[in-house]
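Notes for the one structure printed next.
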Amino acid sequence: MDVIHKIGRRKTAVARAYVAPGKGNITINKKDLTNYFTTATLQYKVKQPLVMTNNDANFDITVNVFGGGITGQAEAVRLAISRAMCELDAENRLILKPEGLLTRDPRMVERKKFGQKKARKKFQFSKR
Numbered sequence: 001m002d003v004i005h006k007i008g009r010r011k012t013a014v015a016r017a018y019v020a021p022g023k024g025n026i027t028i029n030k031k032d033l034t035n036y037f038t039t040a041t042l043q044y045k046v047k048q049p050l051v052m053t054n055n056d057a058n059f060d061i062t063v064n065v066f067g068g069g070i071t072g073q074a075e076a077v078r079l080a081i082s083r084a085m086c087e088l089d090a091e092n093r094l095i096l097k098p099e100g101l102l103t104r105d106p107r108m109v110e111r112k113k114f115g116q117k118k119a120r121k122k123f124q125f126s127k128r
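Structure below.
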């Protein structure tokens with residue numbers, strides 16, 4: 001098997017995942033998974049497609065991720081790994097698709113409008 005390269009995105013975060021046969025090591029930006037994503041929730045999000053397809057100890061995964069915050073980065077990594085699992089075996093798609101792991105979340109931050117405090121919040125109107 002060759003190295004599989006897939007891209008995942010979430011908000012402004014972009015993750016490039018490289019999946020190769022191995023022992024189950026996950027490296028993100030040259031750091032271990034537990035050092036990069038310190039909370040258990042984010043680690044669970046990253047490992048979710050591997051655990052669901054029973055591949056958590058079969059592949060070494062190297063990820064380059066940039067942009068956004070840590071939650072957006074974790075979900076971008078999850079999408080990239082999910083896409084790689086589908087390329088490995090077409091049956092994995094039937095497992096991951098109903099859980100929503102193959103759907104790119106289209107929600108983005110709404111831009112700030114001029115004459116307003118934020119995107120929707122207005123300046124306070126005071127009548128003296």
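Quick note: the sequence shown, position 19, residue 19 per the UniProt record's numbering, numbers continuous.
Note that beta-carbon positions come from the ideal geometry of N, C-alpha and C, so glycine has one too.
Coil, strand or helix - residue i by DSSP
i: P98; result: helix
i: K6; result: strand
i: T27; result: strand
i: P21; result: strand
8 Å Cβ cutoff met for residue i and residue j
i: E87; j: K31; result: no
i: I61; j: A17; result: yes
i: G100; j: K11; result: no
i: residue 161; j: I26; result: In the structure as shown, the chain begins at 1 and stops at 128. Residue 161 is therefore absent and cannot be evaluated.
Environment of residue i [buried if 16+ CB atoms lie within 10 Å]
i: R78; result: buried
i: G24; result: exposed
i: L94; result: exposed
i: N92; result: buried
Residue i - partner residues in DSSP beta bridges
i: N64; result: R16
i: I81; result: Beta-bridge pairing links I81 to no other residue.
i: D32; result: T27
i: F59; result: P21
Whole-angstrom C-beta distance between residue j and residue i, which should lie under 8 Å
i: F59; j: G22; result: 6 Å
i: T34; j: Q43; result: 7 Å
i: S82; j: P106; result: Contact doesn't hold; Cβ gap of about 16 Å is too wide.
i: A76; j: A13; result: 4 Å
i: M85; j: N55; result: 6 Å
Closer than 7 Å: residue i CB and nearest the ligand PLP heavy atom
i: R83; result: The ligand PLP is absent from the structure shown, which contains no ligand whatsoever.
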